[in-house]
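S.K.: One structure, as structure tokens, below. Some questions next.
Numbering (this note's numbering), first residue to last: -9 to 431.
So this is what it looks like as structure tokens:
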């Protein structure tokens, strides 16, 4: 056993915000700055994964079913995703509607600059845009065009999706409210403008409110730390992993709505193909890290990720593995329980269950479509790859039940019990490939 003291285990899997609050209470400015830095990149692994996955999904759908169907699927997604914000706008609650959009860019690897409000509108410069602009700047459309595609007129597919988002929201709002336009002279820079209607002539933000709306909480906390203003900083640190929940849930629902659309149109075989061809390849970089990390470091990283994946969980150490009891899982579990926010899509209303048993449903019927990636990830890991994210696909049999996930220790990679193999119709566990355990070389 790695942990003789359960307090050590609890400390290794606690949220980083708790460590930051400890440092603040102790007056340890050096440690506080370190933990603020760790927290500032907390969402980035998951954010990057969702961002790339969405572009890959759109590219796959366009390649197999054409541009028209891809656009129709996007319109379906955004009509459901944007309905709550559009309703707020129509009811005159324009500040709340605007804050919804600002939350999508605030936690990002980009810039929200020149934010300004007039009596008629709010505008800012996304310089660069941390969503579609980021993919552009990283050069993925040139480096891997088979996975990062463009529309017929050459528009990068994430940017095309942004165009559909803007048009759909304006349709739902009943007028031209939202403008997001690329700067023709500067790559990945866009102008954002939100036109007031019911609040025309009014100011929605005080200076401090505007700062809070466009600056990530870690950036604000770091500025206060360096200025020596520590009083009242707790609210900027506490439960930091929850601060990016609006964007997390938006991206999570977007993926699930695309999968649901494809399930309705083309059935479970295409969903299997879609997820296998877009999600599973993204795990290769994580597998590659496995050989350079010891079990304790891997555990810490996985717990860190689960916090930012919006999960509530407990960790138990067993002889051969660590058991994560996710109650709920922050993505599929919260979706299954309908906990993604008032007015958002739920299973049975926008989100689809796979009705028939399949390998991608752990051989279960009436299975939540989002969770198909867990079954296919299990199957992939059983093909000689590290067992860093093995899910018991029968644990969350009902929405109220927790999900259970296992992290296998390096010495026990082959000790997968038969029932987990059977859940994905795997007849043989392939031994861990040599490239994934260089510590033995």
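We treat Cβ as the ideally placed atom computed from N, Cα and C, and that holds for glycine.
For residue 358, which residues in the same chain have their Cβ closer than 7 Å to its Cβ, ignoring the five residues on either side in sequence?
M.R.: 322, 325, 326, 337, 343
S.K.: What's the gap between the Cα of residue 49 and the Cα of residue 420?
M.R.: 31 Å
S.K.: So what's residue 140 in DSSP terms, helix, strand or just coil?
M.R.: strand
S.K.: Residue 20 by DSSP, collapsed to three states: which one?
M.R.: helix
S.K.: With residue 103 as the anchor, note down where its beta strand (DSSP E) starts and where it stops.
M.R.: 102 to 107
S.K.: Assign residue 418 to one of two classes, buried (16 or more other C-beta atoms within 10 Å of its C-beta) or exposed (fewer than that).
M.R.: Under this definition residue 418 is an exposed residue.
S.K.: So for residue 413, helix, strand or coil by DSSP?
M.R.: coil
S.K.: Could you tell me which whole beta strand (DSSP E) segments of length 3 or greater appear in the stretch 1 to 53?
M.R.: none
S.K.: List the whole-angstrom C-beta distance separating residue 307 from residue 4, where the pair is believed to meet the contact cut-off of C-beta under 8 Å.
M.R.: Between residue 4 and residue 307 the Cβ distance is about 15 Å, and since that is not below 8 Å, they are no contact.
S.K.: May I have the straight-line CA-CA distance separating residue 148 from residue 44, to the nearest angstrom?
M.R.: 8 Å
S.K.: Can you round the beta-carbon distance between residue 127 and residue 112 to whole angstroms, since I take them to be within the 8 Å contact cut?
M.R.: Rounded, the Cβ-Cβ distance is 25 Å, inconsistent with contact.
S.K.: Have a look at residue 209 and residue 118 and give me their C-alpha separation to the nearest angstrom.
M.R.: 17 Å
S.K.: Closer than 6 Å by C-beta to residue 236: which residues in its own chain qualify, once you throw out the five before and the five after it? Chain order, please.
M.R.: 93
S.K.: If I'm right that residue 245 touches residue 360 with Cβ under 8 Å, what's the distance once you round it to whole angstroms?
M.R.: 7 Å
S.K.: Of the choices 101, 104, 160, whose alpha-carbon is the least far from that of residue 80?
M.R.: 160
S.K.: Helix, strand or coil for residue 431, going by three-state DSSP, please let me know.
M.R.: Here residue 431 scores only 45 on pLDDT, less than 50, and its place in the model should not be relied on; the value that follows carries that caveat. Reduced to three states, the DSSP call for residue 431 is coil.
S.K.: Helix, strand or coil for residue 165, going by three-state DSSP, please let me know.
M.R.: coil
S.K.: Have a look at 347, 150, 281, 353 and flag the residue whose alpha-carbon is nearest the alpha-carbon of residue 425.
M.R.: 281
S.K.: Using the rule of at least 16 other Cβ atoms within 10 Å of the residue's Cβ for burial, across every protein chain shown, is residue 31 buried or exposed?
M.R.: Exposed, by the Cβ-count rule.
S.K.: Over what stretch of residues does the beta strand (DSSP E) that includes residue 398 continue unbroken?
M.R.: 393 to 398
S.K.: Going by other Cβ atoms of all chains shown within 10 Å of its Cβ, with 16 needed for buried, is residue 120 buried or exposed?
M.R.: buried
S.K.: Quick one: what does DSSP say residue 270 is sitting in, helix, strand or coil?
M.R.: helix
S.K.: Within the continuous beta strand (DSSP E) that includes residue 181, where are the two ends?
M.R.: 180 to 185
S.K.: Looking at the secondary structure, which residues open and close the alpha helix (DSSP H) in which residue 307 lies?
M.R.: Not the alpha helix (DSSP H): residue 307 falls in the beta strand (DSSP E), residues 303 to 307.
S.K.: Can we say the stretch 137 to 147 touches the stretch 49 to 59, given the rule of at least three CB pairs closer than 8 Å?
M.R.: Proximity of the stretch 137 to 147 to the stretch 49 to 59 meets the contact definition, three or more beta-carbon pairs being nearer than 8 Å.
S.K.: Return the chain-ordered ranges of every alpha helix (DSSP H) run that is complete within the stretch 174 to 234 and spans a minimum of 4 residues.
M.R.: If we require 4 residues or more, the alpha helix (DSSP H) runs fully inside the stretch 174 to 234 come out as 197 to 204, 207 to 216, 224 to 227.
S.K.: Expressed to the nearest angstrom, what Euclidean distance is found between the alpha-carbon atoms of residue 153 and residue 191?
M.R.: 28 Å
S.K.: According to DSSP, is residue 241 helix, strand or coil?
M.R.: helix
S.K.: On the three-pair Cβ rule with 8 Å, is the stretch 364 to 372 touching the stretch 380 to 398?
M.R.: Contact holds: three or more Cβ-Cβ distances are below 8 Å.
S.K.: Quick one: what's residue 146 bridged to in DSSP?
M.R.: 140
S.K.: Mind checking which residues open and close the alpha helix (DSSP H) that includes residue 125?
M.R.: 122 to 127
S.K.: Assign residue 431 to buried or exposed, taking buried as 16 or more other Cβ atoms, counted over all protein chains shown, within 10 Å of its Cβ.
M.R.: Confidence in residue 431 is poor, its pLDDT being 45 and thus under 50, which makes the residue's placement too unreliable to answer from.
S.K.: Tell me, to the nearest whole angstrom, how far the beta carbon of residue 36 is from that of residue 231; I am working on the premise that it is less than 8 Å.
M.R.: With 8 Å as the limit, residue 36 and residue 231 do not qualify as a contact, their Cβ atoms being about 10 Å apart.
S.K.: Can you grab the Cα-Cα spacing for the pair residue 177 / residue 123, in whole Å?
M.R.: Those two C-alpha atoms are separated by around 8 Å.
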